[in-house]
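Protein chains: 2
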Amino acid sequence: MTFTIIGSGNVATHLSLALSQNGHSILQVYSRNFNNAQTLANKVAATAIKSLAEINPIVETIILAVSDDAVKVVLKELSFIHSHNPIIIHTSGTLPITVLSAIAKNYGVLYPLQTFSKNVGINFLNVPLCVEANNEKTQQALLQIANSISNLVYTINSHQRKALHIAAVFACNFTNYFYAIADNLLQQNQLSFDMLKPLINETANKIQINAPENVQTGPAKRNDKKVMEAHLSALSQQPNYQLLYRLISDEIVTKYKNQTDC
Amino acid sequence: MTFTIIGSGNVATHLSLALSQNGHSILQVYSRNFNNAQTLANKVAATAIKSLAEINPIVETIILAVSDDAVKVVLKELSFIHSHNPIIIHTSGTLPITVLSAIAKNYGVLYPLQTFSKNVGINFLNVPLCVEANNEKTQQALLQIANSISNLVYTINSHQRKALHIAAVFACNFTNYFYAIADNLLQQNQLSFDMLKPLINETANKIQINAPENVQTGPAKRNDKKVMEAHLSALSQQPNYQLLYRLISDEIVTKYKNQTDC
Numbered sequence: 365m366t367f368t369i370i371g372s373g374n375v376a377t378h379l380s381l382a383l384s385q386n387g388h389s390i391l392q393v394y395s396r397n398f399n400n401a402q403t404l405a406n407k408v409a410a411t412a413i414k415s416l417a418e419i420n421p422i423v424e425t426i427i428l429a430v431s432d433d434a435v436k437v438v439l440k441e442l443s444f445i446h447s448h449n450p451i452i453i454h455t456s457g458t459l460p461i462t463v464l465s466a467i468a469k470n471y472g473v474l475y476p477l478q479t480f481s482k483n484v485g486i487n488f489l490n491v492p493l494c495v496e497a498n499n500e501k502t503q504q505a506l507l508q509i510a511n512s513i514s515n516l517v518y519t520i521n522s523h524q525r526k527a528l529h530i531a532a533v534f535a536c537n538f539t540n541y542f543y544a545i546a547d548n549l550l551q552q553n554q555l556s557f558d559m560l561k562p563l564i565n566e567t568a569n570k571i572q573i574n575a576p577e578n579v580q581t582g583p584a585k586r587n588d589k590k591v592m593e594a595h596l597s598a599l600s601q602q603p604n605y606q607l608l609y610r611l612i613s614d615e616i617v618t619k620y621k622n623q624t625d626c
Numbered sequence: 365m366t367f368t369i370i371g372s373g374n375v376a377t378h379l380s381l382a383l384s385q386n387g388h389s390i391l392q393v394y395s396r397n398f399n400n401a402q403t404l405a406n407k408v409a410a411t412a413i414k415s416l417a418e419i420n421p422i423v424e425t426i427i428l429a430v431s432d433d434a435v436k437v438v439l440k441e442l443s444f445i446h447s448h449n450p451i452i453i454h455t456s457g458t459l460p461i462t463v464l465s466a467i468a469k470n471y472g473v474l475y476p477l478q479t480f481s482k483n484v485g486i487n488f489l490n491v492p493l494c495v496e497a498n499n500e501k502t503q504q505a506l507l508q509i510a511n512s513i514s515n516l517v518y519t520i521n522s523h524q525r526k527a528l529h530i531a532a533v534f535a536c537n538f539t540n541y542f543y544a545i546a547d548n549l550l551q552q553n554q555l556s557f558d559m560l561k562p563l564i565n566e567t568a569n570k571i572q573i574n575a576p577e578n579v580q581t582g583p584a585k586r587n588d589k590k591v592m593e594a595h596l597s598a599l600s601q602q603p604n605y606q607l608l609y610r611l612i613s614d615e616i617v618t619k620y621k622n623q624t625d626c
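From first to last, the protein sequence lines are chains A and B. 365 is the number of the first residue of the first sequence in our numbering; add one for each residue after it. 365 is the number of the first residue of the second sequence in our numbering; add one for each residue after it.
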């Protein structure tokens, strides 16, 4: 199938590479920043274009892999595309499928549930892809695309996708931020972040076969007040960390306080 | 070496098993709950005792693997032990080594930096062990014990250990709680937690070779206000989740707002 990619960020890059490596043709790449478009276009043997008006009318599928704010802007400039009749896809976790209804007859969503960093390689076959389409024919086309690049394809609706995205923010983005807090606390005490890596691994491994609420550990789970007070006191110079520590510990204490843990 | 274990929780259990499987002898196990002491004693061919007064005076090392609150209580009952002259060890991340100074001539800390759940097996060789002792001779004894059961042995002081424990709470306990929040959000929307597992794995994998602050992703990192507003609005019925979302997103936005991300 032929594609035009709008965007040059992490999702655009990894998705383009996966498509290109699995027999699809990326015809063109557009980005607000032409240099970024050129960089991505070079990786997938595509042409970088400077304006959306240059979109090749024969392209079968246009993928909008840009931030939600940018989707709105791009859609205004894409109003001419209706006559070409391509499938239009966005990759947002949060925008409903209906944001595309004014611009295309056949449209849908291809939401990759993964954290992409530009310089971190990934096996796209293990990236869950969530598909939604506005009609049966487009749904089949999207499933075909998704199954050609991933072994983990799900069909979910816009409401579910938004919940999934929020869950992903907690399980990935906020989790990574907490890794960064931990790293910062260790650096302040001349300790290496390497020390924590087995613990981080084990925490992620445990929930592969256990429900997270069944493997919660730590001072808040045990309601070990002495430890929590000592930690809060040690964080007094870092009120942001202290506030998070207090709030989350309170939540965990409340959740588990009627369980015994010896 | 011979040991008496005080405690029967997760740390006591996994540590006793590691010692027992590596040529050490657990003579006795004590726990406030005798049944729990018996269960652990059976696993490591030891004798469960009903009172601390029954501690065998020939034992070389006594390990206190109980909550910080309980350490204080146990130490009061252990005042007679001074005449036996064993090494006394606690396993707390937070208590300073000096809590043991009144009770023993030779004492120290063996802090396992890992999350233990009773029914989740673990390869103890990969558990980082943090050692501290009150004198050189005891330090050598503790290093010998630690190196006999783990390949990851560190010597750190009480101040560093407390910081490490706080870092571990963020990187493990709070992270697991966020996995539980994610699980809860998915259940509310008839989605399986399995969908998130590749993402959770990748988030933990990324930081094995990258500093966490260099691989942060998500709406807050991009300062994608539309997405954050949509998520906050979707969480309006769950004010606890909403507050955490707001606070952590604000922190991430502030941290990265001067970086461009396209």
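For each residue, glycine too, the CB sits at the ideal point set by N, CA and C. All figures in this text were calculated on a predicted structure; none of them were measured in a lab.
B:Ala527 sits in a helix when the DSSP states are folded into three classes.
For a Cβ distance threshold of 7 Å, nothing in chain A lies close to B:Thr462: the least Cβ distance comes to about 14 Å.
Contact annotation: A:Met365 and A:Ala468 have beta-carbon atoms that are not nearer than 9 Å. With a cutoff of 9 Å on beta-carbon distance, B:Leu428 and B:Val408 are scored as not near each other. Think of a sphere of 9 Å around the beta carbon of B:Pro562: the chain A residues whose beta carbon falls inside it are Leu477, Gln478, Asn490, Val491, Pro492, Leu516, in chain order. Beta-bridge pairing by DSSP links B:Thr519 to B:Val495.
A direct Cα-to-Cα measurement between A:Ser613 and A:Lys585 gives close to 8 Å. Beta-bridge partners of B:Ile390 (DSSP): B:Phe367.
Looking at A:Ala546, A:Leu528, A:Leu608, the one whose alpha-carbon comes closest to that of A:Leu477 is A:Leu528. Contact between the region 423-437 of chain B and the region 535-554 of chain B is absent: fewer than three C-beta pairs spanning the two stretches fall below 8 Å. Counting the other CB atoms within 10 Å of its CB gives B:Glu500 a total below 16, which places it among the exposed residues. Closer than 9 Å to the CB of B:Asn540 there is at least one CB belonging to chain A.
Neighbours of A:Phe534 in chain B, taken as residues whose beta carbon is under 7 Å from its own, are Phe542, Ile545, Ala546 in chain order. Counting C-beta pairs with one atom in each stretch, the region 366-373 of chain B and the region 384-397 of chain B have three or more that are closer than 8 Å, which means they touch.
Annotated three-state conformation of A:Val579 is coil, per DSSP. The Cβ neighbour count for A:Asp558, taken over all protein chains shown within 10 Å, is under 16; the residue is labelled exposed. A Cβ-Cβ distance of about 7 Å is found for the pair B:Val473 and B:Val495, placing them in contact under the 8 Å criterion.
In this structure the region 435-443 of chain A does not lie against the region 510-522 of chain A, because fewer than three pairs of beta carbons, one per stretch, are closer than 8 Å.
The continuous beta strand (DSSP E) containing A:Val473 extends over residues 471-476. As the crow flies, the alpha-carbon of B:Ser380 is around 15 Å from that of B:Thr479. Annotation for A:Thr377: no beta strand (DSSP E) segment contains it, though the alpha helix (DSSP H) segment containing it runs 374-384. Per DSSP, the unbroken beta strand (DSSP E) holding A:Ile413 starts and ends at 411-413.
Distance from A:Leu607 to B:Leu611 at the Cβ level is roughly 7 Å; contact confirmed, criterion being Cβ atoms closer than 8 Å. With respect to the C-alpha of B:Ala544, the residue from A:Asn470, A:Glu615, A:Thr462, A:Asn604 having the closest C-alpha is A:Glu615.
Comparing alpha-carbon positions, the option among A:Val517, A:Gln580, A:Ala376, A:Ala594 lying closest to A:Ala401 turns out to be A:Ala376. A:His454 has a beta carbon lying at 9 Å or more from every beta carbon in chain B.
Each of B:Leu416, B:Lys561, B:His446 was checked against the Cα of B:Val437, and the nearest Cα belongs to B:Leu416. Contact with chain A is found for B:Phe557, since one of that chain's Cβ atoms lies less than 9 Å from the residue's Cβ.
Restricting attention to B:Ile564, B:Leu563, B:Leu560, B:Asn569, the CA atom closest to the CA of A:Pro562 is found in B:Asn569. When Cβ-Cβ separations below 9 Å define contact, B:Pro450 makes no contact with chain A. Close to A:Gln580, with beta-carbon spacing below 8 Å, are these residues of chain B in chain order: Asn537, Asn540, Tyr541, Ala544. Taking all protein chains in view, the Cβ of A:Pro603 is surrounded by fewer than 16 other Cβ atoms within 10 Å, so the residue is classified as exposed. For B:His595, the enclosing alpha helix (DSSP H) starts and ends at 589-598. In the displayed model, A:Leu459 falls within coil according to three-state DSSP, outside both helix and strand. Between A:Thr581 and B:Asn574, the CB-CB gap reaches or exceeds 9 Å. Ranking A:Val430, A:His595, A:Leu507 by CA distance to the CA of B:Val533 puts A:His595 first.
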